[in-house]
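Numbering (this note's numbering), first residue to last: 1 to 208. Heads up, the beta-carbon is just placed ideally off N, CA and C, and yes, glycines get one too.
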Ligand code: TMP
């Protein structure tokens, strides 16, 4: 595969959606047909249905392991239908969250065994890993303040500060383990500063 696989990660309120859109616009200047924007959970019809369960099935409690299998089921279809074909066609794939989120939310947040997540990662992805990951890092209190009152909270947004602290720590731990791949961006800064830092990294990789 010859394309470039870039993921965006971070806790709620880190500004991920705004920044991935900015990156999409920056990268599209050269060749708009060469960049695709997708997300997880989601990205395919099955993936979006799974997203709906993940975020809004609140009548009965969903176990962390169940979440894990739902996520990897959606990821399997997403890789097969969207990510691999795009990378094979030499495109840049921008993905709003990927498996780092599973390590952070299900591993860190829910306490699911990391070894199980790693096994599923190998099974579903084979060798596929992002080439570059932007971790938009912000203190939990700052992120949660930003999303307060935006809309009715989903299953994750309704979680506790403690939960998000575990998620953030798990993300930072991943950044420490994979420093070449994961670029930590201080997302407590203003939107323009964050955009500028991301732009600089993309420039340094010769992508724009
Ligand atoms: P989003 O609001 O950034 O689109 O993400 C939806 C939620 O899904 C977010 O709260 C985190 C959660 N999630 C996981 O728990 N594990 C995962 O692997 C992914 C991709 C998302």
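- Separation of the CB atoms of residue 104 and residue 170 is rounded to 4 angstroms, and the pair is thereby assigned contact status at 8 angstroms.
- In the DSSP assignment, residue 66 falls outside any beta strand (DSSP E) and lies within the alpha helix (DSSP H) extending over 64 to 78.
- Boundaries of the alpha helix (DSSP H) harbouring residue 167: 161 to 177, taken from the DSSP string.
- Here the alpha carbons of residue 6 and residue 131 stand approximately 6 angstroms from one another.
- In the structure shown, residue 112 adopts coil according to DSSP, grouped into three states.
- Taking residue 181 as reference, the option from 191, 75 and 202 with the minimal CA-CA separation is 202.
- Annotated as proximal: residue 36 and residue 94, with beta-carbon spacing under 8 angstroms.
- Taking a contact as a CB-CB distance under 8 angstroms, the pair residue 143 and residue 11 counts as one, their CB atoms being some 5 angstroms apart.
- Distance from the Cα of residue 17 is smallest, within the candidate group 139, 135 and 60, for 135.
- Under the rule that a run must span 3 or more residues, the beta strand (DSSP E) segments found entirely inside the stretch 93 to 142 read 132 to 137.
- Those residues that have a beta carbon less than 5 angstroms away from any non-hydrogen atom of ligand 1 are, in order along the chain, 40, 71, 97, 101, 102, 105 and 156.
- Taken through DSSP and simplified to helix, strand or coil, residue 82 comes out as helix.
- Take residue 167, set aside five residues on each side of it, and the residues of its chain with a beta-carbon closer than 6 angstroms to its own are 11, 104, 105, 108 and 109, in chain order.
- With a cutoff of 8 angstroms on beta-carbon distance, residue 3 and residue 86 are scored as near each other.
- In this structure, the alpha-carbon of residue 200 lies about 45 angstroms from that of residue 60.
- Look at residue 147 here: in three-state DSSP terms it is helix.
- A check of alpha carbon separations from residue 76 across 88, 91 and 43 identifies 43 as the nearest.
- In this structure, the alpha-carbon of residue 191 lies about 21 angstroms from that of residue 38.
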